[in-house]
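In my numbering, the protein residues as written are 2 to 225.
Each residue gets a CB set at the ideal place from its N, CA and C atoms; glycine is no exception.
Quick caveat, the model's predicted, so the values are computed rather than measured.
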Amino acid sequence: MGTGTRELKVFVSAHESRCGECGENLDRHAWIVLQGDKGAVCLTCADLDHLVFLPSGDAALTRRAKKHSRLSAVVLKWSRARKRYERQGLLVENEAVERAERECEADADRREARRARSETRRAELDQEYVSRFAERVREAYPGCPVGRERSIAEHACRKYSGRVGRSAAAKNLAPEAIRLAVLAHLRHTETDYDDLLGQGADQAEARARVRAEVARIADAWAGD
């Protein structure tokens, strides 16, 4: 599944900045992608905010998760002591992590490691906020398949996006924040968008190729 994928780089910012695409302020320690003339771009604008973080430490799990993920990105952080960027882990598809975990849980130690990682992922999310976000998704898109609203909310509410403005809009459950979260979910789950990115397609080109299909499904979910 992951054969031929392109590994992208995500950096943990050492200072405050501004997203070169959407213009939102980015906190110190925000996770960013560097895109040529645009400079620092937030994970949402880079279309990577649907991926989940898999910390370094378990080589077998990392190898398998990367193999199963259509799209992956290595997370790097600057070390002042060593004067170099150091690998923190990978961003991969949640389904790839779950599949890799199933393959690795043959012994008790790995099952315990899985439990610890699950607790870490749960800690990233404000569960009450996620539930309210999911409710708004369901209200705006009544045709959304059962259970999808929760998945959309969890991806939209992860803490490490670093986008101050977007977080505020999402916290207020603004209709535009809900709409953008649903469209992003559809791009990544209902089209071959991630495959296109993983094969090296330009982000704008890939979005253009799937735009009509995303709009069609969104309209169907909304009942339009």
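As assigned by DSSP and simplified to three states, the class of residue 78: The answer is strand: DSSP assigns residue 78 an E or B state.
Close-in-space but distant-in-sequence residues of the same chain around residue 35 (CB under 6 Å, 5 per side omitted): Hits under 6 Å: none found.
Segment contact, 8 Å Cβ cut-off, at least three pairs: the stretch 40 to 59 with the stretch 17 to 30: Touching, yes, given that three or more Cβ pairs across the two stretches are closer than 8 Å.
Local Cβ density within 10 Å of residue 145, reported as buried at 16 or more and exposed below that: With a 10 Å radius around the Cβ and a threshold of 16 neighbouring Cβ atoms, residue 145 comes out buried.
From 206, 198 and 189, residue whose alpha carbon lies closest to that of residue 218: Comparing alpha-carbon positions, the option among 206, 198 and 189 lying closest to residue 218 turns out to be 189.
Complete runs of the alpha helix (DSSP H) confined to the stretch 24 to 82 [at least 4 residues]: Entirely contained in the stretch 24 to 82, the alpha helix (DSSP H) runs reaching 4 residues are, in chain order, 60 to 69.
Residue burial classification, residue 90 (beta-carbon count within 10 angstroms, cutoff 16): By the 10 Å Cβ count, residue 90 comes out buried.
Range covered by the beta strand (DSSP E) that runs through residue 93: For residue 93, the uninterrupted beta strand (DSSP E) segment begins and ends at 85 to 93.
Neighbourhood of residue 196 by C-beta, 6 Å cutoff - its chain only, sequence neighbours within 5 removed: Here the set comprises 71.
Supposed contact pair residue 41 and residue 18 - C-beta distance, whole angstroms, cut 8 Å: Contact flag correct, Cβ pair sits at about 5 Å.
Simplified DSSP assignment, three categories, for residue 9: Reduced to three states, the DSSP call for residue 9 is strand.
Start-to-end residues for the alpha helix (DSSP H) that takes in residue 199: Its alpha helix (DSSP H) spans residues 194 to 199.
DSSP bridge partner residues for residue 18 (one or two, in chain order): For residue 18, which the question treats as bridged, DSSP gives the partners 27.
As assigned by DSSP and simplified to three states, the class of residue 106: Taken through DSSP and simplified to helix, strand or coil, residue 106 comes out as coil.
Where the alpha helix (DSSP H) containing residue 130 begins and where it ends: Where residue 130 is concerned, the enclosing alpha helix (DSSP H) starts and stops at 128 to 141.
Option in 207, 86, 30 and 156 with minimal Cα separation from residue 183: If we check each option's Cα against that of residue 183, 156 comes out closest.
Separation of residue 142 from residue 213, as counted between CA atoms: Between residue 213 and residue 142, the C-alpha separation is close to 18 Å.
DSSP three-state assignment for residue 176, whether helix, strand or coil: DSSP, read as helix, strand or coil, puts residue 176 in helix.
For residue 79 and residue 85, the rounded distance between their alpha carbons: Spanning the two alpha carbons is a distance of roughly 6 Å.
Spatial distance of residue 54 from residue 174 (CA atoms): Computed Cα separation, rounded: 24 Å.
N- and C-terminal bounds of the alpha helix (DSSP H) containing residue 1: The requested residue 1 is not part of the displayed model; the chain covers only 2 to 225.
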